[in-house]
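Numbering (our numbering), first residue to last: 9 to 159.
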């Protein structure tokens with residue numbers, strides 16, 4: 009199950025060209041200098057990758073601006089998601105289930121919103137200055153969050 013898998017992961021390191029998943033060493037605590045830490049490295053965002061999801065619009069488009077209330081809800085959701093990810097990575101919170109209980113939400117809701125923590129600075133700026141399309145919603149953005157920032 010997912011919980012069992014998460015318990016087998018020591019931590020995840022996201023780097024510019026790879027994601028490293030580090031697993032606890034079976035001999036951990038015995039003699040850490042004996043063997044390297046088990047690591048799985050996955051390629052990530054090759055140079056030719058082009059993001060097709062996300063928010064982009066030109067000034068010439070006739071799309072209404074984002075309402076202030078929607079902007080505030082989007083920014084609050086992004087901030088919460090960043091706190092949740094930080095809590096999980098740092099070990100302050102042990103699971104998404106604990107976050108869901110604390111927030112009085114179901115786990116599915118938390119899992120849906122967690123990707124918002126990885127919103128690019130440019131995307132956050134579009135939301136902050138209300139230049140994102142008016143039909144942008146928290147749920148819609150969470151489902152379509154770009155995984156590549158185009159850097």
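We put the CB at the ideal spot given by N, CA and C, even for glycine. Every value quoted in this text rests on a predicted model; they were computed, and no experiment measured them.
Under three-state DSSP, which class holds residue 152? Position 144 of the chain shown, counted from the first residue, corresponds to residue 152. Three-state result, residue 152: helix.
Using the three-state DSSP reduction, which class does residue 141 fall into: helix, strand or coil? By one-based count along the chain shown, residue 141 stands at place 133. Looking at residue 141 - three-state DSSP - the assignment turns out to be strand.
Taking 7 Å as the cut-off, is the beta-carbon of residue 30 closer than that to any non-hydrogen atom of the ligand ATP? Absence of the ligand ATP is noted for the structure shown, with no ligands found whatsoever.
Status (buried if at least 16 other CB within 10 Å, exposed otherwise) for residue 100: As a position in the chain shown, residue 100 is number 92, starting the count at 1. That one is exposed.
Relative to the C-alpha of residue 78, which residue among 153, 134, 157 and 152 is closest? Here the question's residue 78 lines up with position 70 in the chain shown. It is 134 whose Cα lies nearest to the Cα of residue 78.
Opposing strand residues paired with residue 73 [DSSP bridges]: Within the chain shown, numbered from 1, the residue matching residue 73 stands at position 65. Looking at the DSSP assignment, residue 73 forms a beta bridge with 141.
Boundaries of the alpha helix (DSSP H) in which residue 121 is found, first to last residue: By 1-based counting over the chain shown, the position of residue 121 is 113. Taken as a continuous stretch (DSSP letters only), the alpha helix (DSSP H) holding residue 121 covers 115 to 121.
Measuring alpha carbon to alpha carbon, tell me which of 129, 122, 81 and 130 ends up nearest residue 151. To locate residue 151, count along the chain shown from 1; it is residue 143. The residue with the shortest Cα to Cα distance from residue 151 is 122.
Touch check for the stretch 95 to 110 and the stretch 138 to 147: three-plus C-beta pairs under 8 Å? no
Exposure of residue 76, with buried meaning 16 or more beta-carbon neighbours within 10 Å: The residue labelled residue 76 in the question sits at position 68 within the chain shown. Label assigned to residue 76: exposed.
If we call anything under 8 Å between Cβ atoms a contact, is residue 127 one with residue 153? Here residue 127 is taken as the residue at index 119 of the chain shown, counted from 1. Here residue 153 is taken as the residue at index 145 of the chain shown, counted from 1. A contact, by the Cβ cut-off of 8 Å.
Which of the three DSSP states is assigned to residue 92 in this structure? Your numbering for residue 92 matches position 84 in the chain shown. Helix.
State the start and end residues of the unbroken alpha helix (DSSP H) segment that holds residue 108. Position 100 of the chain shown holds residue 108. Run containing residue 108: 104 to 111, per the alpha helix (DSSP H) assignment.
Quick one: Cα of residue 84 to Cα of residue 32, how far? Within the chain shown, residue 84 is the residue found at index 76, counting from 1. Within the chain shown, residue 32 is the residue found at index 24, counting from 1. Going by the C-alpha atoms only, they are around 35 Å apart.
What three-state label does DSSP hand residue 100 in the structure shown? Counting from 1 along the chain shown, the entry for residue 100 is found at position 92. Coil.
Rounded to whole angstroms, what is the Cα-Cα separation between residue 87 and residue 48? As a first step, residue 87 must be located in the chain shown, where it is residue number 79. As a first step, residue 48 must be located in the chain shown, where it is residue number 40. Distance between the alpha carbons of residue 87 and residue 48: 30 Å.
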